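Visitor: One point on numbering: in numbering that gives the first Met the number 0, the residue at position 227 of the sequence shown is 226, and numbering is uninterrupted. Glycine included, C-beta positions come from ideal geometry on N, C-alpha and C. Note that the structure is a prediction, hence the values are computed from the model and not measured. Input: one structure, supplied below.
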Amino acid sequence: MVRAVALTGATGFIGHVLISKLTASGWRVRALARRAAPGQDFPLVEWVYGDLSRDGVLRDLVSGTEAVIHCAGAIRGKSWDDFFQANVIGTKNILRAASDSSSCSRFLFISSLAAREFQLSWYARSKYEAEQLIPEFSGKLASTVFRPAAVYGPGDKAMQPFFRAMGYGILPVPGNAGNRFGLIHVDDVVAAIYGWLEAGRPVSGVYEIDDGTPGGYDYTSIAAIAEQVLNKPVRCFQIPLSGIRVLSCFNLWLARFLNYAPILTPGKVSEFRHPDWTCDISSLKKELAGWSPAIKLQTALPLLVRD
Ligand SMILES: NC(=O)c1ccc[n+]([C@@H]2O[C@H](COP(=O)([O-])OP(=O)(O)OC[C@H]3O[C@@H](n4cnc5c(N)ncnc54)[C@H](OP(=O)(O)O)[C@@H]3O)[C@@H](O)[C@H]2O)c1
């Protein structure tokens, strides 16, 4: 019998790679989409149209599935309410739908490493508050939280400007060049999600994910890697924090005025300023026998610079 999984966020950067992996592996996917016809090229996908605010749509989404992968999330917004509605209320709605369904027993929430420092931004706080909802539903659902570090790969828009600039020999540094952070290729995040889905017994708990590079990266080490693989000089270019902060305030004001969802906000600047976004993947590797990040930045960089 074909096994079925419900997926939110299928139209996004990570979700797009995930849906390909799931269908290629023979899973039937019921996928939530806010827009019509996001792609007809996945034979095992049934699109369910609507968003995370619609209880009836979410009940339909999870119907007949054995697990939910909740990958949808607002990563940009112009107010706390934007993040609260999508990430907190939206997560509560899909948790309720999964918990009420007779078929669904496992739930994976793709949170963010940002949740660890929830005081920094609306985004971080919304992910943290969403995580806090999970115990309420633990009676019926075996739930797991993944907290990825910064995810990169083909199709990503957030980090692409940094990779493209490196192709021109410049690495923009928004913050301190010595700040440390984890990175992970989207294929390795998707492999971990797939490992969770195929695990013989439910995996529970909160797991941070990066590519396992001890101590992570800083901007200087990334510039050094880029120099080595691109075979040309790559210089760190410090962007003054005071300048980015002013720009972020202006961008937020403009977003409210013109009604768009900004990525560069004062909260994002606070995330940039944070000195330590590294993580430890040993507990996840123990839980997901066979999963280990396979792609190193060195290998992926030449393609990303050209993308
Ligand atoms: N990329 C990273 O570096 C990173 C790192 C850590 C954690 N994460 C988390 O991973 C998840 C996926 O990230 P991503 O990079 O793939 O983001 P993305 O490209 O912005 O995709 C977000 C997805 O969520 C959907 N979505 C947003 N709000 C929704 C709502 N109210 N109702 C229904 N769907 C909604 C979007 O639908 P539309 O296509 O209709 O907009 C899209 O499918 C997010 O939860 C994010 O917080 C990402």
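Name the one or two DSSP bridge partners that Glu207 has.
Guide: The sequence position of residue 207 within the sequence shown is 208, counting from 1. DSSP lists Arg146 as partners of Glu207.
Visitor: For Pro265, which residues in the same chain have their Cβ closer than 7 Å to its Cβ, ignoring the five residues on either side in sequence?
Guide: Within the sequence shown, numbered from 1, the residue matching residue 265 stands at position 266. Excluding sequence neighbours, Pro265 sits near Arg244, Ser247, Cys248 and Leu251.
Visitor: To the nearest angstrom, how far is it from the Cα of Ile133 to the Cα of Ser203?
Guide: Position 134 of the sequence shown holds residue 133. Position 204 of the sequence shown holds residue 203. The straight-line gap from Cα to Cα measures roughly 11 Å.
Visitor: Kindly list the residues whose CB is nearer than 6 Å to the CB of Ala3, restricted to its own chain and excluding five residues on each side of it in sequence; keep chain order.
Guide: Residue mapping note: residue 3 aligns to position 4 of the sequence shown, counting from 1. Cβ neighbours of Ala3 beyond the five flanking positions: Arg27, Gly63 and Thr64.
Visitor: My parser needs the alpha helix (DSSP H) runs of 4 or more residues fully inside the segment 225-295; what are they?
Guide: You should have 240-257, 265-272 and 281-286.
Visitor: Of all the options Ala85, Leu302 and Gly76, which has the alpha carbon lying nearest to the alpha carbon of Gly49?
Guide: Working through the sequence shown from its first residue, we reach residue 49 at position 50. Looking at the Cα atoms, Ala85 is the closest of the given residues.
Visitor: Looking at His149 and ligand 1, is the gap between the Cβ and the nearest heavy atom below 8 Å?
Guide: Residue numbering aside, residue 149 sits at position 150 when the sequence shown is read from its first letter. Here residue 149 turns out to be Ala, not His, going by the sequence shown. Yes, Cβ of Ala149 sits closer than 8 Å to a heavy atom of ligand 1.
Visitor: Ligand 1 and Leu31: does the residue's C-beta get closer than 8 Å to at least one heavy atom of that ligand?
Guide: In the sequence shown, residue 31 corresponds to position 32, counting from 1. True, at least one ligand heavy atom lies under 8 Å from that Cβ.
Visitor: Assign Phe145 to buried or exposed, taking buried as 16 or more other Cβ atoms, counted over all protein chains shown, within 10 Å of its Cβ.
Guide: In the sequence shown, the residue the question calls residue 145 occupies position 146. The residue is buried, with at least 16 neighbouring Cβ atoms inside 10 Å.
Visitor: Please classify Thr298 as buried or exposed, where buried requires at least 16 neighbouring CB atoms within 10 angstroms.
Guide: Position 299 of the sequence shown, counted from the first residue, corresponds to residue 298. Exposed.
Visitor: When DSSP labels each residue in this structure, what does Ala9 get in the three-state scheme?
Guide: Taking the sequence shown and counting its residues from 1, the one referred to as residue 9 is at position 10. Coil at Ala9, not helix or strand.
Visitor: Can you tell me the Cβ-Cβ gap for Asp155 and Gly181, rounded? I've got them flagged as a contact below 8 Å.
Guide: Here the question's residue 155 lines up with position 156 in the sequence shown. Here the question's residue 181 lines up with position 182 in the sequence shown. Asp155 to Gly181, Cβ: 15 Å. No contact.
Visitor: With DSSP run on the structure shown, which of helix, strand or coil describes Tyr151?
Guide: As a working note, residue 151 is residue 152 in the sequence shown. In this structure, Tyr151 counts as strand in the three-state DSSP scheme.
Visitor: So what does Arg58 bridge to, in DSSP terms?
Guide: Walking along the sequence shown from the start, residue 58 turns up at place 59. Answer by DSSP bridge pairing: none, since Arg58 is not bridged.
Visitor: Relative to ligand 1, is the shortest distance from any of its heavy atoms to the C-beta of Lys126 smaller than 8 Å?
Guide: Translated into positions along the sequence shown, residue 126 becomes position 127. Under cutoff, so the answer is yes.
Visitor: Please say whether Ile208 and Leu300 have beta carbons closer to each other than 9 Å?
Guide: Position 301 of the sequence shown, counted from the start, is the residue given in the question as residue 300. Position 209 of the sequence shown, counted from the start, is the residue given in the question as residue 208. No, the Cβ-Cβ distance between Leu300 and Ile208 is not below 9 Å.
Visitor: Given a cut-off of 9 Å, decide if Trp79 and Ser125 are closer than it, judged by their beta-carbon atoms.
Guide: For the purposes of this step, residue 125 is identified with residue 126 of the sequence shown, where counting begins at 1. For the purposes of this step, residue 79 is identified with residue 80 of the sequence shown, where counting begins at 1. Yes.
Visitor: With 16 as the cutoff for other CB atoms within 10 Å, does Lys77 come out buried or exposed?
Guide: Start at 1 with the first residue of the sequence shown, and residue 77 comes out as number 78. Per the 10 Å Cβ criterion, buried.
Visitor: Given this structure, state the Cα-to-Cα distance separating Gly55 from Ala30, to the nearest angstrom.
Guide: Position 56 of the sequence shown holds residue 55. Position 31 of the sequence shown holds residue 30. So the two alpha carbons sit approximately 14 Å from each other.
Visitor: Which residues share a DSSP beta bridge with Val67?
Guide: As a first step, residue 67 is located in the sequence shown; it is residue number 68 there, counting from the start. Looking at the DSSP assignment, Val67 forms a beta bridge with Ala5 and Phe106.
Visitor: Beta strand (DSSP E) containing Trp46: first to last residue?
Guide: The sequence position of residue 46 within the sequence shown is 47, counting from 1. It spans Val44 to Tyr48 - the beta strand (DSSP E) in which Trp46 sits, taken as one unbroken run.
Visitor: Specify whether the segment 184-191 and the segment 4-22 touch according to this definition: at least 3 beta carbon pairs, one from each stretch, less than 8 Å apart.
Guide: The answer is yes - the segment 4-22 touches the segment 184-191, with three or more Cβ pairs under 8 Å.
Visitor: Roughly how many whole angstroms lie between the Cα atoms of Leu170 and Leu303?
Guide: One-based indexing of the sequence shown puts residue 170 at position 171. One-based indexing of the sequence shown puts residue 303 at position 304. Between Leu170 and Leu303, the C-alpha separation is close to 14 Å.
Visitor: With DSSP collapsed to three states, give me the class of Pro173.
Guide: Along the sequence shown, read from residue 1 onward, the residue named residue 173 stands at position 174. Pro173: strand per DSSP, three-state reduction.
Visitor: With DSSP as the reference, label Ile133 as helix, strand or coil.
Guide: Counting from one through the sequence shown, the residue named residue 133 turns up at place 134. Of the three classes helix, strand and coil, the one that applies to Ile133 here is helix, per DSSP.
Visitor: With distances taken Cα to Cα, identify the nearest neighbour of Ser269 among Ala9, Pro173, Gly89 and Phe136.
Guide: On the sequence shown, position 270 is the one that residue 269 refers to. The shortest C-alpha separation from Ser269 is found at Pro173.
Visitor: Who are the near neighbours of Phe106 in its chain, counting only those whose CB is closer than 6 Å to its CB and skipping five residues on each side?
Guide: The residue given as residue 106 occupies position 107 in the sequence shown. If we look at Phe106 and ignore the five residues flanking it on each side, its Cβ neighbours are Val67, Ala97, Leu140 and Ser142.
Visitor: Assuming contact is defined by CB atoms lying nearer than 9 Å, are Leu296 and Thr212 in contact in what I supplied?
Guide: Within the sequence shown, numbered from 1, the residue matching residue 296 stands at position 297. Within the sequence shown, numbered from 1, the residue matching residue 212 stands at position 213. Yes, the Cβ-Cβ distance between Leu296 and Thr212 is below 9 Å.
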